[in-house]
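2 protein chains.
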Amino acid sequence: MMKIPFETMKATFSKVLLREGFSEDKAIHCATIFAENSRDGVYTHGLNRFPSFVEMIKLGLVNGDAEPTLENQNGLIERWNGNLAPGMLNAKFCMQRAIDLGKQNGIGCVAIRNTNHWMRGGTYGWQAADAGSIGICFTNTIANMPPWGGIDPRLGNNPLIIAVPRENGHVVLDMAMSQYSFGKLLQYQSNHEELPLPGGYDEKGRLSTNATDIINSKRLLPVGFWKGSGLSLMLDLLVTILSHGDSTRNISDNEKEYGISQVFISIQPENAEISSQLTEQILAYTKDSDLADPDKPISYPGENTLKTRMINLKEGIPVDESIWNKVLVMLN
Amino acid sequence: MMKIPFETMKATFSKVLLREGFSEDKAIHCATIFAENSRDGVYTHGLNRFPSFVEMIKLGLVNGDAEPTLENQNGLIERWNGNLAPGMLNAKFCMQRAIDLGKQNGIGCVAIRNTNHWMRGGTYGWQAADAGSIGICFTNTIANMPPWGGIDPRLGNNPLIIAVPRENGHVVLDMAMSQYSFGKLLQYQSNHEELPLPGGYDEKGRLSTNATDIINSKRLLPVGFWKGSGLSLMLDLLVTILSHGDSTRNISDNEKEYGISQVFISIQPENAEISSQLTEQILAYTKDSDLADPDKPISYPGENTLKTRMINLKEGIPVDESIWNKVLVMLN
């Protein structure tokens, strides 16, 4: 497989965005996040997603010039308008606001409406953890999953991120509410691989491990059946109510996903040393179990991300050559 | 099936607790929560659990006289010691503190250590919603679920509750991180019913729908496989770090579950009218899907709770006669 150094990928993305009229600062910022997502093994929201991000810019649905604006402040909750700026920049900004509020007051909460896809939600979890803060964030999406008992997409897969800082690698959970994220299904499809566990239904309503069948039926399975369906609904309620923004329902009126709603919460641990001891104790205990398969160790959320990061920084980031070429062509 | 009026159940529980030395106020408060849990159809954490609650009092692991005490205040985050008081009273107290902080400052967060089982977590979600607030709370438990990839219990099933207020019935998600809660498994076992979907593994490591097999192997399936395993771990990290309390690891050093850790967050919606409109819009859209089974309507979290409540208030609460008699004997 073709491999591209992290710095090359970042510089290439940045050049493309400069051509699209981004300021140098914003081009580098966006390019860094895309390249970091691929570097960390989240290829679906790194290089693989970059061409459609550029398409969204060309369509005017992502506005490189826009900045978020404050709409209301209610105690420690802030409500912002994303003004359709790049979702990653809005999300970074909001998590930083939440971190700042949290450092001042213990906890902070920032809601944003009219923003765009943040790509990898984990990015903002790592951001909070890098600042020594607990980070929690979630987003709605276009409808891409039926509610439990239904067959039509009426829920987003609404990723939820929870991050806890840790000296030797943060603990970062980044989970979509579908058993497999849509990006993951596309990955299995393009690799012609079956899913290890059922990820949805086929057109006849049978549980399926075939990504193409599931993409065609649009019946992705919620995490834990009725439970993930309920959790997805709650996250849509929270982001919509707190941001006064568009719900999955309104977002789904459009063919393309834009103008979504998100919430960022940060909590400041009282004592970093005590937090650290407790975290290590919990992780050690979790790993102290006999294994179901001796070749598959128990890992904490974020552990494999860090391993992939180290390998990809050393050996280069594996890329789908056709997608990489598509990006290079944008520079012609 | 035998049915007992709500008021009779409440009065009976209260009399038992008075005999156990509870003050009148606390006896009624605890009795009300137990009776309400059964009234709302959560029988596993109502009547069915009452005898083991009384046992915990007799063992001195639940202290009816104790009151929570403030250990630290860090901005809008408060850290309390539950002093092994009844878990339901501590939880009610903490959610009320979070609601008060939220009403003053937009958001509030209260952590408590050294507390006891709160029975039905949904109780505190309904409490926040009744106050017009969003409520989020979660708890750790004794280890009762293997982490993904492991076969020994190293994680709690750590319920997560998210509640959004609504005029015609609050939206309240109350989910344990195992696909089926332990109480639910016991219910299927005592009814000699198979689970509708796999809930764990048998002793040979095969996915199973048999509650007894799963209880014996102690290999409950996390919600969404690796995802629920990760989320459970994160919740244990959050409650432990924020409360400076015992993690699932430490709780599991004891044979009985006591001295657990919990977090309560409340957020005050800025505008009740706007929240209400957005909530109705989201619920209507979710239900506006064709059904997989025309006899099984799509319901929002909490909807069936409310229906069961209405029926049980009218017709009496169905009880397992042997358990009800066990409680009556306590009054002899």
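Chains as they are written, first to last, in our numbering: chain A, 34 to 365; chain B, 34 to 365. Ideal Cβ positions, reconstructed from N, Cα and C, are used throughout, including at glycine.
Beta-bridge pairing of residue i - partner residues as DSSP gives them
i, result
"F297 (chain A)", "A:V143, A:C170"
"I194 (chain A)", "A:C170, A:D207"
"S250 (chain A)", "According to DSSP, which records beta bridges pairwise, S250 (chain A) is partnered with nothing at all."
"M178 (chain B)", "B:L188"
"T148 (chain A)", "A:I293"
"L228 (chain B)", "In the DSSP output, where bridge partners are listed per residue, L228 (chain B) has none listed."
"P327 (chain B)", "P327 (chain B) is not bridged to any residue."
"S241 (chain A)", "A:G233"
"P351 (chain B)", "B:K36"
"G97 (chain A)", "Paired residues: none, contrary to the question."
"G183 (chain A)", "B:L324"
Close Cβ partners of residue i (< 6 angstroms) along its chain, the five nearest in sequence each way excluded
i, result
"K43 (chain A)", "A64, T65, A68"
"P198 (chain A)", "A162, G165"
"A209 (chain B)", "N190, P192"
"R153 (chain B)", "N70, V75, H78"
"Y333 (chain B)", "V204, L316"
"C170 (chain A)", "Y157, I194, F297"
"I167 (chain B)", "V197, I300"
"N345 (chain A)", "R72"
"G139 (chain B)", "Q301"
"G120 (chain A)", "T148, N149, H150, W151"
"G366 (chain A)", "Beyond the ends of chain A as shown, which are 34 and 365, falls residue 366 (chain A); an answer cannot be given."
"K251 (chain A)", "P186"
"E143 (chain A)", "Note on identity: in this sequence residue 143 (chain A) is Val, with Glu being the wrong assignment. If we look at V143 (chain A) and ignore the five residues flanking it on each side, its Cβ neighbours are E111, C127, R130, A131, F297."
"F55 (chain A)", "G97"
"N105 (chain A)", "R112"
Limits of the beta strand (DSSP E) - the one that residue i falls within
i, result
"M208 (chain B)", "204-208"
"R72 (chain B)", "From DSSP, R72 (chain B) is part of no beta strand (DSSP E) but of the alpha helix (DSSP H) over 57-72."
"E111 (chain B)", "110-114"
"N105 (chain A)", "102-107"
Cβ shell of residue i (< 7 angstroms), same chain only, five flanking positions each side left out
i, result
"N147 (chain A)", "N114, G115, N116, L117, G278, G292"
"A305 (chain A)", "G165"
"A176 (chain A)", "P186, R187, L188, G189, T281, S285"
"S262 (chain B)", "P180, W181, L188, P255"
"S322 (chain A)", "I331"
"G349 (chain A)", "K36, I37, P38"
"E227 (chain B)", "T242, N243"
"P101 (chain B)", "W113, N114, G115, N116, A118, N123, F126, I145"
"T319 (chain B)", "I331, Y333"
"N290 (chain A)", "Sequence inspection shows Glu at residue 290 (chain A); the Asn mentioned does not correspond to that position. Around E290 (chain A): H150, T174, I175, I284."
"K217 (chain B)", "T77"
"V49 (chain A)", "V87, V360, M363, L364"
"N249 (chain B)", "E236"
Segment limits, alpha helix (DSSP H) that includes residue i
i, result
"R342 (chain B)", "336-348"
"Q310 (chain A)", "305-320"
"E40 (chain A)", "39-52"
"M121 (chain B)", "120-138"
"L361 (chain A)", "354-362"
"Y157 (chain A)", "155-163"
"P84 (chain B)", "83-91"
"K217 (chain B)", "215-223"
Contact set for residue i: own chain, Cβ-Cβ below 8 angstroms, skip 5 residues either direction
i, result
"T312 (chain B)", "V197, R199, V204"
"L266 (chain A)", "P180, L188"
"P231 (chain B)", "Q212, L240, S241, T242, L254"
- [ ] Using a Cβ-Cβ cut-off of less than 8 angstroms, give me the residues of the segment 50-77 of chain B that come near chain A, in sequence order.
- [x] Within the segment 50-77 of chain B, no residue has a Cβ that lies closer than 8 angstroms to any Cβ of chain A.
- [ ] Can you give me, in chain order, the residues of the segment 192-225 of chain B that have a beta carbon less than 7 angstroms from any beta carbon in chain A?
- [x] Residues passing the 7 angstroms Cβ filter: I195, V197, V204, L206, M208, Q212.
Open item on the list: As an exercise, report each continuous alpha helix (DSSP H) stretch of at least 4 residues that is fully enclosed by the segment 256-282 of chain A, in chain order.
Closed with: The DSSP assignment places 259-276 as complete runs of the alpha helix (DSSP H) inside the segment 256-282 of chain A, in order along the chain (cut-off: 4 residues).
Task: Residues from the segment 151-174 of chain B in contact with chain A, defined by Cβ distance under 9 angstroms - done: Those would be I167, I169, in chain order.
- [ ] Could you run through the segment 322-333 of chain B and flag, in chain order, every residue whose CB is less than 8 angstroms away from some CB of chain A?
- [x] Under the 8 angstroms Cβ criterion, the segment 322-333 of chain B contributes S322, D323, L324, A325, D326, K329, P330, I331, S332, Y333.
Task: Cβ-based contacts, 7 angstroms cut-off: residues of the segment 238-266 of chain A near chain B - done: Going along the segment 238-266 of chain A in chain order, one finds G238, V256, G257, F258, K260, G261, G263, L264, L266 with a Cβ nearer than 7 angstroms to chain B.
TODO: Could you run through the segment 98-123 of chain A and flag, in chain order, every residue whose CB is less than 8 angstroms away from some CB of chain B?
DONE: Here the close residues are N105, N107, G108, L109, I110, R112.
Open item on the list: Can you pull out the residues from the segment 282-295 of chain B whose beta carbon lies closer than 9 angstroms to at least one beta carbon of chain A?
Closed with: Of all residues in the segment 282-295 of chain B, R282, N283, S285 have a Cβ within less than 9 angstroms of some Cβ in chain A.
Open item on the list: Please identify, using Cβ separations under 9 angstroms, the residues of the segment 176-192 of chain A that lie next to chain D, in order along the chain.
Closed with: In the structure shown, chain D does not exist; the protein chains are A and B.
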